[in-house]
Amino acid sequence: MPNPDPAGDFARFPTGYILDRSHLAACRLNLQHFLWGETFRFTIHPSITLPAKPAIADVACGTGLWLIDAAAQHPEARLHGFDIDLSQAPHPSWLPPNVKLSEWNIFDDIPDEWIGKFDLVHVRLLLLVFSGIDPKPFIEKLYRLLRPGGYLQWDELDCVNMHVRKIDRNIAAPALEGLRTMCYAEGRHDWVLQLRDMLSSAGFEAAALEKYGDNPTLARAYNDLHLHTMEEIATRLLQMRKEDEAAHVFGLIREGYGEAVNGAALCLPRIVCVARKPS
10 MPNPDPAGDF ARFPTGYILD RSHLAACRLN LQHFLWGETF RFTIHPSITL
60 PAKPAIADVA CGTGLWLIDA AAQHPEARLH GFDIDLSQAP HPSWLPPNVK
110 LSEWNIFDDI PDEWIGKFDL VHVRLLLLVF SGIDPKPFIE KLYRLLRPGG
160 YLQWDELDCV NMHVRKIDRN IAAPALEGLR TMCYAEGRHD WVLQLRDMLS
210 SAGFEAAALE KYGDNPTLAR AYNDLHLHTM EEIATRLLQM RKEDEAAHVF
260 GLIREGYGEA VNGAALCLPR IVCVARKPS
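The sequence shown begins at 10 in the numbering used here and counts up one residue at a time.
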């Protein structure tokens, strides 16, 4: 029997959102939001200047926590969240009064009423959605959502520089290394580090990309978050009837957890890219 190749299968997943939308998946997104907040120490990047009473969009808003944070920090703003599926977000009655949500598939055209309406468009975690898909048409849509002089903030994962961190380099962590290789997905996610140039080519100005690593105090928390994500991917492999590959990934997760107990952690850096639509 050939050796299962989860890295190859990860690279050949069907396009679109491949993770779950259950309550556990919502918990993963919420934990991720709070960990990213501890790492970034901002919701809206400090280089962004907003007008009085700004209109802010969050594309692929997920559980809505970024919108809720931004609404608390900018009560004068009008915030609009978009996602293809709003089942993980709070009921509209539980949202701040200045937040509303709408369904939108980012591969569809932009409804006319949203074109040129926003002073800030925020995007986060579309790495898997654009795995092996050209993100340039989507970037053009983000450009069209903005008013002249408006800003784009894109927060994303950096699989290129993913690594296994250890308290002692002599510690063996083959399972976590296996998961790292799987996440690299044969280079299908390298486009993230080209995002600044992509935005400039699309007409944005002053595009800047910043990198954020893991603080050692959060390394274990991030590691366990990544293992949770890997479990969702392994479950998806089962749904694709790839039982051998799924069993291999589940095994790596179990072994990787033990490696984490011994002082190793899967570290997946983040980037934030900010750019401005010309006035």
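All C-beta atoms, glycine included, are put in the ideal place defined by N, C-alpha and C.
Every value quoted in this text rests on a predicted model; they were computed, and no experiment measured them.
For residue i, the three-state DSSP class (helix, strand or coil)
i	result
F51	coil
V164	Per the sequence presented here, residue 164 reads as Asp, with Val not at that position. Strand, per DSSP.
S111	strand
G73	coil
K126	coil
L155	strand
E186	helix
F213	coil
L279	Inspection of the sequence shows that residue 279 is occupied by Arg rather than by Leu. Three-state result, R279: strand.
V173	strand
E219	strand
V68	strand
V258	helix
F147	helix
H42	helix
A274	strand
H83	coil
D92	strand
Residue i to residue j span [Cα, whole Å]
i	j	result
S31	F139	22 Å
M207	Q97	30 Å
V169	G267	25 Å
W103	T52	20 Å
L247	L137	18 Å
L188	R174	13 Å
P84	L218	28 Å
A182	N271	9 Å
K286	R153	9 Å
K150	R133	15 Å
Selection from the options that minimises the alpha carbon distance to residue i
i	options	result
D223	L185, R285, H172, I57	H172
E112	H89, F127, P105, V132	H89
D92	I57, F127, H83, L135	L135
F147	A34, V130, S288, G158	V130
P225	D199, L33, L44, N39	L44
R87	P63, L110, V68	P63
C192	M239, E149, D29	M239
P157	I242, E214, A255	E214
L261	T190, I142, D128, K251	T190
Beta-ladder partner(s) of residue i, from DSSP
i	result
L234	Answer is none; L234 lacks a bridge partner.
R178	According to DSSP, R178 bridges with nothing at all.
R285	Y160, E214
G196	Bridge partners of G196: none, in fact.
R250	Note: R250 sits in no beta bridge, so no partner.
CB contact check: residue i to chain C, cutoff 8 Å
i	result
L28	Here chain C cannot be found, since the structure has a single protein chain.
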